[in-house]
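Engineer: My questions all concern the structure below.
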Amino acid sequence: MISLSIPQIVEYLKSEDPEVHGFLLEKADSCRLKNRGRAVYFRGLIEYSNVCSQNCYYCGLRRDNRLIKRYHLKREEIINLAMQAYNDGYQSICLQAGQVSSSQEIDFVADVVATIKKLSESKEQSLGITLSLGELSYQQYQHLWDAGAHRYLLRIETSNPALFKKIHAPEQSFNKRLECLQALREIGYQVGTGVMIGFPGQSYEDLTRDLQFFLEKDIDMLGMGPYIPHPDTPLADEKARIIQDAFVTTIRMLALARIMMPDINMVASTG
């Protein structure tokens with residue numbers, strides 16, 4: 000692990016020198032090869048529902064978006080997709096959906112998870128199951144863990160409480176997000192989180208603190224991606240951005256994360 004100061008990280012992120020960009024990529028690749036090798040692990044992603052109770056200002060799945068066509072796959076459809084992935088050689092899947100924290104929905108997911116585990120365990124190897132379902136209660140996380148899930152992805156989106164408040168509805172809480180991440184850790188999940196990069200109001204200093212947040216929380220998985228405005232969201236109307244090239248900055252954030260946290264699992268599909 001390489002220790003970098005806040006000014007160093009900010010300078011790396013802001014630099015327009017192509018040699019700096021090349022240096023970061025080369026250093027990150029060296030850390031990856033030394034600590035993780037060349038292996039890439041495929042995970043089957045099943046986005047089984049876009050129904051969501053939350054109203055995040057940046058997300059097209061937000062509750063108040065009346066223009067989106069909602070769907071929710073049936074139990075058998077999800078299980079069949081999972082087993083298709085298993086039969087195709089995948090060793091891990093991720094079940095992802097908008098946040099719906101009703102007891103009925105969590106019982107539904109727990110039953111799906113338990114069934115997938117039972118079916119895969121009857122074959123050569125058990126299928127690993129990651130969940131990404133948003134903020135739930137401790138008891139609900141425990142219920143899903145007991146059913147057979149072992150990884151959970153819950154993005155913090157930003158470690159700056161003021162920015163978190165700016166991009167989320169009033170009923171959503173930064174402290175609640177932290178409590179959920181802590182609950183997942185206590186139960187035993189491998190915990191993943193991450194941030195959007197380049198949304199209005201976000202600074203390079205914010206991104207630097209995000210990296211420090213990941214380090215301090217000792218997270219297991221990291222997913223970061225550039226902010227892409229969705230036309231049917233409130234945040235899309237805000238044009239002023241401090242970070243002009245979110246894609247280049249995302250590449251540098253991933254490189255710095257690898258340099259600072261050599262052993263971490265990094266998801267390449269998160270946007």
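Numbering (numbering that gives the first Met the number 0), first residue to last: 0 to 270. We put the beta carbon where it would ideally sit given N, CA and C, even for glycine. Note that the structure is a prediction, hence the values are computed from the model and not measured.
(1) Among E15, L44 and Y40, whose alpha-carbon lies nearest the alpha-carbon of N264?
(2) Please list the segments of the beta strand (DSSP E) lying wholly inside the segment 90-150, counting only runs of 3 or more residues, in order along the chain.
(3) For Q7, which three-state DSSP category applies?
(4) If the criterion is Cβ atoms closer than 7 Å, does the pair D219 and Q189 meet it?
(5) Using DSSP with H/G/I as helix, E/B as strand and the rest coil, what is N64?
(6) Looking at C-beta atoms only, is the number of pairs between the segment 193-207 and the segment 231-249 that lie closer than 8 Å three or more?
(7) Using the three-state DSSP reduction, which class does N264 fall into: helix, strand or coil?
(8) Quick one: is N34 buried, meaning 16 or more other Cβ sit within 10 Å of its Cβ, or exposed?
(9) Could you tell me whether the Cβ atoms of D231 and L66 are closer together than 7 Å?
(10) Buried or exposed for R37, going by 16 or more other Cβ atoms inside 10 Å?
(11) I need the DSSP call for E170, collapsed to helix, strand or coil.
(12) Run through the DSSP bridge pairs and tell me what V194 is partnered with.
(13) Hey, how far is the Cα of S48 from the Cα of D16?
(14) Compute the Euclidean distance between the alpha carbons of A27 and E75, then round it to the nearest angstrom.
(15) Quick one: residues in its chain with C-beta nearer than 8 Å to the C-beta of Q124, no 5 flanking neighbours on either side, listed in chain order?
(16) Do three or more CB pairs link the segment 139-153 to the segment 163-183 at distances below 8 Å?
(17) In the DSSP assignment, the alpha helix (DSSP H) including S29 goes from what residue to what residue?
(18) Can you tell me which residues form a DSSP beta bridge with S48?
Structural biologist: In short, the structure shows the following:
(1) Here the question's residue 264 lines up with position 265 in the sequence shown. Closest option to N264, Cα to Cα, is Y40.
(2) 91-96 and 127-131
(3) What you label residue 7 is simply residue 8 of the sequence shown in a count that begins at 1. Of the three classes helix, strand and coil, the one that applies to Q7 here is helix, per DSSP.
(4) Along the sequence shown, one-based indexing puts residue 219 at 220. Along the sequence shown, one-based indexing puts residue 189 at 190. Closer than 7 Å, so yes.
(5) The sequence position of residue 64 within the sequence shown is 65, counting from 1. In the structure shown, N64 sits in coil (DSSP, three-state: anything other than H, G, I, E or B).
(6) yes
(7) By one-based count along the sequence shown, residue 264 stands at place 265. Three-state result, N264: strand.
(8) Counting from one through the sequence shown, the residue named residue 34 turns up at place 35. By the neighbour-count rule (16 or more Cβ atoms within 10 Å), N34 is not buried but exposed.
(9) As a first step, residue 231 must be located in the sequence shown, where it is residue number 232. As a first step, residue 66 must be located in the sequence shown, where it is residue number 67. The answer is yes: Cβ separation under 7 Å.
(10) Here residue 37 corresponds to residue number 38 of the sequence shown, with the count starting at 1. It is exposed - the Cβ of R37 has fewer than 16 other Cβ atoms within 10 Å.
(11) Position 171 of the sequence shown, counted from the start, is the residue given in the question as residue 170. Three-state DSSP puts E170 in coil, outside helix and strand.
(12) Your numbering for residue 194 matches position 195 in the sequence shown. For V194, which the question treats as bridged, DSSP gives the partners E156.
(13) Against the sequence shown, residue 48 aligns to sequence position 49. Against the sequence shown, residue 16 aligns to sequence position 17. Cα to Cα, the separation comes out at about 43 Å.
(14) Within the sequence shown, numbered from 1, the residue matching residue 27 stands at position 28. Within the sequence shown, numbered from 1, the residue matching residue 75 stands at position 76. Straight-line Cα distance between these residues: approximately 42 Å.
(15) Numbered from 1 along the sequence shown, position 125 holds the residue referred to as residue 124. Only Q90 meet the Cβ criterion.
(16) yes
(17) Position 30 of the sequence shown, counting from 1, holds the residue named residue 29. From DSSP, the alpha helix (DSSP H) with S29 extends over P17 to N34.
(18) Residue 48 sits at position 49 when you count from the first residue of the sequence shown. In the DSSP output, where bridge partners are listed per residue, S48 has H71 and A96.
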